[in-house]
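Protein chains in written order, with the numbering used here: chain A, 1 to 582; chain B, 1 to 582. All C-beta atoms, glycine included, are put in the ideal place defined by N, C-alpha and C.
Number of protein chains: 2
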Amino acid sequence: MKLDKLVGERFKERPSDCAIDSHALMIRGGYMKYVANGIFSQYMPLRRVCRKIEQIIREEMDAIDGQEVLFPVVLPASLWEESGRYTSVGSELLRMSDRNGSKLVLGMTHEEACVQLVREYGQTYTKYPFMVYQIQTKFRDEARPRGGLIRVREFTMKDAYSFHTSQEDLEKYYARCYDAYKRIFARAGIPEVVVVASDSGMMGGSISHEYMLLTPVGEDSIAICTDCGFSANVDAAENILEKKEGIEQRPLEKVYTPNIHTIEEICEFLHTPLDESCKAVVYQKADSGEYIVVFVRGDLEVNETKLTSYLGCEIVPAQITDDCPLKSGYIGPYNLPEGIIAVYDRSLLTCESMSCGANEEEYHYVGLCAQRDLKGVEYHDVSKIKTGGICPKCGKKAIEISRGIEVGNIFQLGTKYTKSMNMQYLDSNGEPQYPIMGCYGIGVGRLAASVCEAKHDDYGVIWPMSIAPWQVHLCLVRADDEEARAYADKLYNDLQKEGIEVIYDDRNVRAGVMFSDADLLGVPVRVVVSPRNMKQGCCEISLRDKSLQTTAALDEAVSVIKNIVAQKLDEIKKSADSVVEK
Amino acid sequence: MKLDKLVGERFKERPSDCAIDSHALMIRGGYMKYVANGIFSQYMPLRRVCRKIEQIIREEMDAIDGQEVLFPVVLPASLWEESGRYTSVGSELLRMSDRNGSKLVLGMTHEEACVQLVREYGQTYTKYPFMVYQIQTKFRDEARPRGGLIRVREFTMKDAYSFHTSQEDLEKYYARCYDAYKRIFARAGIPEVVVVASDSGMMGGSISHEYMLLTPVGEDSIAICTDCGFSANVDAAENILEKKEGIEQRPLEKVYTPNIHTIEEICEFLHTPLDESCKAVVYQKADSGEYIVVFVRGDLEVNETKLTSYLGCEIVPAQITDDCPLKSGYIGPYNLPEGIIAVYDRSLLTCESMSCGANEEEYHYVGLCAQRDLKGVEYHDVSKIKTGGICPKCGKKAIEISRGIEVGNIFQLGTKYTKSMNMQYLDSNGEPQYPIMGCYGIGVGRLAASVCEAKHDDYGVIWPMSIAPWQVHLCLVRADDEEARAYADKLYNDLQKEGIEVIYDDRNVRAGVMFSDADLLGVPVRVVVSPRNMKQGCCEISLRDKSLQTTAALDEAVSVIKNIVAQKLDEIKKSADSVVEK
Chain A
1 MKLDKLVGER
11 FKERPSDCAI
21 DSHALMIRGG
31 YMKYVANGIF
41 SQYMPLRRVC
51 RKIEQIIREE
61 MDAIDGQEVL
71 FPVVLPASLW
81 EESGRYTSVG
91 SELLRMSDRN
101 GSKLVLGMTH
111 EEACVQLVRE
121 YGQTYTKYPF
131 MVYQIQTKFR
141 DEARPRGGLI
151 RVREFTMKDA
161 YSFHTSQEDL
171 EKYYARCYDA
181 YKRIFARAGI
191 PEVVVVASDS
201 GMMGGSISHE
211 YMLLTPVGED
221 SIAICTDCGF
231 SANVDAAENI
241 LEKKEGIEQR
251 PLEKVYTPNI
261 HTIEEICEFL
271 HTPLDESCKA
281 VVYQKADSGE
291 YIVVFVRGDL
301 EVNETKLTSY
311 LGCEIVPAQI
321 TDDCPLKSGY
331 IGPYNLPEGI
341 IAVYDRSLLT
351 CESMSCGANE
361 EEYHYVGLCA
371 QRDLKGVEYH
381 DVSKIKTGGI
391 CPKCGKKAIE
401 ISRGIEVGNI
411 FQLGTKYTKS
421 MNMQYLDSNG
431 EPQYPIMGCY
441 GIGVGRLAAS
451 VCEAKHDDYG
461 VIWPMSIAPW
471 QVHLCLVRAD
481 DEEARAYADK
491 LYNDLQKEGI
501 EVIYDDRNVR
511 AGVMFSDADL
521 LGVPVRVVVS
531 PRNMKQGCCE
541 ISLRDKSLQT
551 TAALDEAVSV
561 IKNIVAQKLD
571 EIKKSADSVV
581 EK
Chain B
1 MKLDKLVGER
11 FKERPSDCAI
21 DSHALMIRGG
31 YMKYVANGIF
41 SQYMPLRRVC
51 RKIEQIIREE
61 MDAIDGQEVL
71 FPVVLPASLW
81 EESGRYTSVG
91 SELLRMSDRN
101 GSKLVLGMTH
111 EEACVQLVRE
121 YGQTYTKYPF
131 MVYQIQTKFR
141 DEARPRGGLI
151 RVREFTMKDA
161 YSFHTSQEDL
171 EKYYARCYDA
181 YKRIFARAGI
191 PEVVVVASDS
201 GMMGGSISHE
211 YMLLTPVGED
221 SIAICTDCGF
231 SANVDAAENI
241 LEKKEGIEQR
251 PLEKVYTPNI
261 HTIEEICEFL
271 HTPLDESCKA
281 VVYQKADSGE
291 YIVVFVRGDL
301 EVNETKLTSY
311 LGCEIVPAQI
321 TDDCPLKSGY
331 IGPYNLPEGI
341 IAVYDRSLLT
351 CESMSCGANE
361 EEYHYVGLCA
371 QRDLKGVEYH
381 DVSKIKTGGI
391 CPKCGKKAIE
401 ISRGIEVGNI
411 FQLGTKYTKS
421 MNMQYLDSNG
431 EPQYPIMGCY
441 GIGVGRLAAS
451 VCEAKHDDYG
461 VIWPMSIAPW
471 QVHLCLVRAD
481 DEEARAYADK
491 LYNDLQKEGI
501 EVIYDDRNVR
511 AGVMFSDADL
521 LGVPVRVVVS
531 PRNMKQGCCE
541 ISLRDKSLQT
551 TAALDEAVSV
561 IKNIVAQKLD
571 EIKKSADSVV
581 EK
């Protein structure tokens, strides 16, 4: 490919609307173009990166006995009605009607389509286990697309579904997939991805893991134990809390607190720390608008994922209107007005004397002891683990919170979909059983953006050899020099004959322009041919990651370059082998 | 791949709802599954066929300097409003709204998205020409999906768009693409595809061609001149008609014709042939409901494509209601009621004395001479060419009508999209100009189904080696025989090591079951290992198309099979080279 003919624009300046580096560099480098909110077109360099990622995924899925299939993007609503998700999933599921008024949805995940595909095939136990996967476009009507390809509405995803006759068999297969995923990320150039326990959310099921690329710009929070290595998405991490020592019970007492509206203000007024208070966080059910009050210790935050999963319905932050019996700023767990759904976090049990709202304008209580004062109440874990918190695995106070981008996830789904969609097989005794499912997803574009986030400098992406749009970037400095041009043209052809992917910049532009374009395209090996080097009988070879800068004799350049490419590919292969041995 | 583990069901019987063979065989063979009207999932064998087709297309597009990109499936309505197609395209364009009420459409073609992608890039003449293409899912809300993958609503398509600074340059590129398409179909195993001139329909533009696989089950009609080889879609073929000799003018005369309602009845009543009559065919504008009457010679049919293109609006067959001034059964061109849109076919000029309706209940005219009796009327070509018609190229009466499946199309679009979407470049004089576009489409699934339609017998598909799901189908007859199994297992592994794609049937089933499954999968080379053959020191090798049946010594089987595969691939390559030399 000649750079001169590469469709797409490159920009010197960082676009002002890009919050993260990978987004900015992909716009600057002519990788993609904005079409609509969360919807992008891809230019050739990104398409090539994504196709290489797809091929890596395909090989690893085939290696664990996956069969590539294809599900539709547009699905009949009836399939989602079978599973119950047509109503249970919120507005991220895009619903529409065709010319005959039939209800359709855009596939945002394909459990239903998959069960529909294999329901008749999998009717006897001898067919199991099996796994099918696809690499296909999905659409999720996200409320807040962000970060370029990190969170989009339309994306290409590999989604895989496995079917088993026992939990044990699922776990065996899950472990194979767990390793295959580690290999995929290592082969894509980011072996540093960590695996964390996660919440399975709307997918249903119990055990699930996320593959996280740790980076400050990630939108997920991950709790990692610095002592034992435990890691989990904060959404899924149990928040274990110690009882606060040295607090004596005292009588519950109402206090006049004019002009005090927040938990911070009441603690300041009483000269007590935040963890001796109980705050109220109010939500509403997304469908009915019913109010839900969550009571949690004043120093903690509500974990909305745990809360949603406990409630089993979608929630939104509350808009407290005049007809609501709740007294904004004075809400507390004691004497709560009737008819309000209340959820009590376990943290309320850690302190025997707390301040809280009195459900009366301008009044608070002090001395609340939840166990003594609140009758018939159950306590749940709906708060977020914090830095310095207790590790749910080793029990040490060694939790640190990091940010990460989720680049993949794997779920043990159980029988949620096979039961609701009535997929059964006859076991070896002739008894009907529901197959047990696993599902396994990777977003292709997000993975490309994550690699970019992990591997870049101020001047552009630094692509790993395995997924780079091209392997070699050949720059002919001074295209008007006949001898240099003849050599560069020949090198371009000879490298391609050897199967090397070359992008060739033979434009008549300044070397500076050439090199900054090369930096943006991030091709691993750069070869510079110039009249000055020609005189010394060599060309310059360097690596985009700055780990090598050398020259090669003109007649040895092809073999030197070929070796560098092979060596880089080999390093990545070894890294993939080693992540799984670990 | 072991057949035993291949997900999908195979059926002995032809499903009753399949009108054409390719559809029936693809259902019977476990290639695909119905999901909704015109929407299918693909099992692994079809996915593999389609991926091979995609790769052939990709290679041929790359060879004519195409750059692979990716446009979104979901597009903002605003893009289609720019081109005017948001309103001009009918209900096959699926329109919907997202969670914020923004209007979206599902991409059924991507001219708009493409212009949006390259509009800023292509601002100076030095960037031209260029071509970008994608292979992506499309959705077209067809009124009548049919024939399995032949006419679906959701499909994978390769669509390419080229941009030029002159008509001459477009034509040069168009010719390259014309050849590339011939190569693609030859490489997919159907070099017999014919190229026909076509109507460009809603795409706009002028010159266009369709690639047709001639088959009685095709939904397109193609006019082919048996003398000069001219070919065109009937929709696009000019209908040249001779003046009927020996007809004398006579006065226009009203005749009482009770109980006569059709043109056949009036001709029978008058004892005149159909080509001495003028019939009326009534339509309505799809949007406004206005009536349109087309007058055409009694023996001809209206060509709705030509008519739509002349009118510039969508039409539907008319529902004549009581308040309509038209007298159903008695409509004629003379004294037509006011306010009716009338279209006059050129065929009316071929006969100087015709019968026709009198626009009055129970009356007809005889002796109509259009040129004499109809004032201020223009004549257009809106009728269909028939078998025996005059070739528009050589002028001989040598037209035959065949049926065909359109497997690809290429269009010279002109500036329709660049003008409406305001894409301009500065030419070498610094003057702003609109680029001239071409576009080029191939439906991947339809091509797979067409190959199946062209290459099958009663027992299954006969895949060409280049796109077969696997290259070799290895059957182990009597899986319980230890020696035979050991050999077959080794052959399976050895062939795969040689890069041959093998599907291996080692099930403990009757040979008949095994072979009928093999017929359905249609893999080109079949290898049978059985205890009986083992005794003779050989295995059986045959071709699915019955052109070869042989045996190979056990230690030579790998090389014999490898040679057959290579030879078949080579034959296809040569066929692709020869279609273009023609």
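Rounded C-beta distance between residue i and residue j? I'm assuming under 8 Å.
| i | j | result |
| --- | --- | --- |
| V294(A) | V382(A) | 6 Å |
| P469(B) | L521(B) | 7 Å |
| P15(A) | G29(A) | Not a contact, Cβ separation roughly 11 Å. |
| Q471(B) | V525(B) | 6 Å |
Do residue j and residue i come within 8 Å of each other at the CB atom, strictly closer than that value?
| i | j | result |
| --- | --- | --- |
| G148(B) | I20(B) | yes |
| G122(A) | M354(A) | no |
| Y310(B) | L348(B) | no |
| G8(A) | P145(A) | no |
| Q42(B) | V69(A) | yes |
| I385(A) | V234(A) | yes |
| Y133(B) | I410(B) | no |
| C356(B) | Y334(B) | yes |
| G414(A) | S206(A) | yes |
| V451(A) | C50(A) | no |
| G329(A) | L252(A) | no |
| I572(B) | I541(B) | no |
Once DSSP output is grouped into helix, strand and coil, what is the label at residue i?
| i | result |
| --- | --- |
| I331(B) | coil |
| T551(A) | strand |
| S166(A) | coil |
| I27(A) | helix |
| F71(A) | coil |
| Y291(B) | strand |
| E60(B) | helix |
| R153(B) | coil |
| Y417(A) | helix |
| K574(A) | helix |
| Y583(A) | Since the first residue shown for chain A is 1 and the last is 582, residue 583(A) is missing from the structure and cannot be characterised. |
| E54(B) | helix |
Closer than 9 Å by beta-carbon distance: list the chain A residues that pair up with residue i, in chain order.
| i | result |
| --- | --- |
| M96(B) | L94, R95, M96, S97, L104 and L106 |
| A113(B) | V35 and S41 |
List, in chain order, every chain B residue whose beta-carbon is nearer than 7 Å to that of residue i.
| i | result |
| --- | --- |
| R47(A) | E68, V69 and L70 |
| A36(A) | P76 |
| V132(A) | V7 |
Could you give the first and the last residue of the continuous beta strand (DSSP E) run that contains residue i?
| i | result |
| --- | --- |
| H364(B) | Y363 to L368 |
| D220(A) | D220 to C225 |
| A280(B) | C278 to K285 |
In chain A, which residues lie with their C-beta within 7 Å of the C-beta of residue i?
| i | result |
| --- | --- |
| Q42(B) | V69 and L70 |
| I39(B) | P72 and V74 |
| Y121(B) | V7, G8 and E9 |
What residue does the alpha helix (DSSP H) around residue i start on, and which one ends it?
| i | result |
| --- | --- |
| A518(A) | A511 to L521 |
| A342(A) | Unbroken run through A342(A) is the beta strand (DSSP E), I341 to D345; no alpha helix (DSSP H). |
| N493(B) | E482 to K497 |
| L79(A) | A77 to S83 |
| F130(B) | Not the alpha helix (DSSP H): F130(B) falls in the beta strand (DSSP E), residues F130 to F139. |
Using a Cβ cut-off of 8 Å, pull out every chain A residue sitting near residue i, in sequence order please.
| i | result |
| --- | --- |
| D141(B) | D98 and R99 |
Against residue i, what residues of chain D qualify as contacts under a CB-to-CB distance less than 7 Å, listed in chain order?
| i | result |
| --- | --- |
| L117(A) | Given the protein chain composition of this structure (A and B), no chain D is represented. |
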